[in-house]
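Counted the way the working numbering counts, the sequence shown spans residues 226 to 585.
Note that CB positions come from ideal geometry on N, CA and C, so glycine has one too.
What you are looking at is a predicted structure, and each value in this text was computed from that prediction instead of being measured.
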Amino acid sequence: MIGLLAAFFSSFIATLLIIRFQHLHSHISADSDLSGPQKFHKISVPRIGGIGIAIGIFVATLLRLQSHDGVNIEALLVMCAIPTFAIGLTEDLTKKVSVKTRLTFTAVAALLACIYLGAQINRLDIPGIDYLLSIPAIAIIFTVFAITGLANAYNIIDGFNGLSSMVGIITLMGLSYVSYAVGDPLMMYLSLVMAASILGFFLWNYPRGLIFLGDGGAYLIGFWVAVVTVMLVARHDNISPWFALLINAYPILETLFTIYRRKFHQGKSPGQPDGIHFHTLIYRRILNPICHAHKDDLFTANAKTSPYLWALTLFAIAPALLWWDSNVIQITFLLIFMVSYVWLYKRIVTFRTPGWMHHY
């Protein structure tokens, strides 16, 4: 409990200090580009919120090291996360780091987690595939790809106040629940300590957007969620491997759909930004027009966007938690989620948004 409180308050205070003294660092830390396809803020805002989250995790880890002999798993996870957080933070400060470079550093972090934490995907409960995953080299390559992809997915969905951070909190709380159900206090703690650190940032980010998560924060959250998910499934054979997919279904599907849309529909590089993510469509087609009609502040429309995606996240996570040990049910709800996502996206993009989504 002390570690969780330390993580929350350290993150909360560190984020407050970043905001309070932004005049000292805004020349390198602020997101002053207000014209990009994924820019929906109206003033320059610091985008180094990941520092607060990292400080929260670091302080909690130091406390754990003082009360435990030797290097613990949490400390190893923190060290493994350094490359992906560092390269993300570098992008936040310089705006000059390519997507390929960020993915490369994240892949290195994932490889370190495979080696030092035993975070490896070694089964999907599919004959033939499981045989291939029993070969260490193949399992490591597959795991590195999966962890890197999910870390990047959290950066992709980080489009509005509180969106990526709350998705991370919801997912981590789900992981902590299943950890408790299978009697794994370590995985439960790793889930809760990151959730506590994110919450310290979230209270400053949502709803007013006083600070942004940034690439450093998004990659750190996504990497942590990915590694804990992989480790939890690897440590307990009674957890369905498809649980890992369903509990992370929203960011994964958003990423896959983004790659498909950019590469095959737009003929662009998947790394180029565009303005038609699911969250962007909700903002532009549902909330922005309503806020205009009600003479509301557009900034409020930003904050109102995220709850739609939080609900979508819960739509996948709820069945993942209820039937975490059943392959059949996990796969069934994964397919239902995929169909629902594509159906909703198509309805919104063609100006046929379901009436129940216009509740304001």
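Neighbourhood of P544 by C-beta, 8 Å cutoff - its chain only, sequence neighbours within 5 removed: L471, I554, Q555, F558
If you drop the 5 nearest sequence neighbours on each side, which residues of the same chain put their C-beta closer than 6 Å to that of Q247? P271
Beta-carbon within less than 6 Å of W548's beta-carbon, same chain only, minus the 5 sequence neighbours each way: which residues are those? I554
Simplified DSSP assignment, three categories, for T240: helix
Stretch-stretch touch, CB-based, cutoff 8 Å, three pairs: the region 392–404 with the region 241–256: no
Neighbourhood of Y405 by C-beta distance below 8 Å, restricted to the same chain and skipping five residues each side: M413
Segment limits, alpha helix (DSSP H) that includes T557: 552–574
Cα-Cα separation between L287 and A306, rounded to whole angstroms: 16 Å
Quick one: is L357 buried, meaning 16 or more other Cβ sit within 10 Å of its Cβ, or exposed? exposed
Go ahead and label I436 buried or exposed: buried means 16 or more other beta carbons lie within 10 angstroms of its beta carbon, across all protein chains shown. buried
With 16 other CB atoms within 10 Å as the buried threshold, where does V574 fall? exposed
What does DSSP give as the partner residues of K255 in its beta bridges? One detail in the question is off: residue 255 reads as Ala in this sequence, not Lys. Answer is P271.
Nearest-angstrom Cα separation, counted from F576 out to L375: 30 Å
Taking 8 Å as the threshold (C-beta atoms), are I244 and G441 in contact? no
By Cβ distance, which residues of its chain are closer than 8 Å to A255, with the 5 residues on each side in sequence left out? Q247, S269, V270, P271, R272
By a C-beta neighbour count over all protein chains shown, 10 Å radius and 16 as the cutoff for buried, is D383 buried or exposed? buried
Which same chain residues, not among the five before or five after D317, have their C-beta less than 6 Å away from its C-beta? R272, I273, G439, D440, G441
Would K320 be called buried (16 or more neighbouring beta carbons within 10 Å of its own) or exposed? exposed
Please confirm whether T368 and V455 have their CB atoms less than 8 Å apart. yes
Express the C-alpha separation of V333 and P361 in angstroms, rounding to a whole number. 17 Å
Could you say if the region 277–292 and the region 227–246 meet the contact criterion of at least three C-beta pairs nearer than 8 Å? yes
I573: beta carbon under 7 Å from a heavy atom of the ligand PLP? No copy of the ligand PLP appears in this structure; indeed no ligand is present at all.
If you scan the region 305–343 from start to end, which runs of the beta strand (DSSP E) of 3 or more residues do you find wholly inside it? none
What first and last residue would you give for the alpha helix (DSSP H) that runs through T505? 503–507
Which of helix, strand or coil does DSSP assign to T525? helix
Reference T315; option with closest CA among Y444, S565, V450, A371: Y444
Can you tell me whether G387 is helix, strand or coil according to DSSP? coil
Would you say Y379 and G447 are within 8 Å of each other, going by their C-beta atoms? yes
For I365, report the span of its alpha helix (DSSP H) as first-last. 361–381
Report the option in Y533, M582, S551 whose CA atom is closest to the CA atom of M391. Y533
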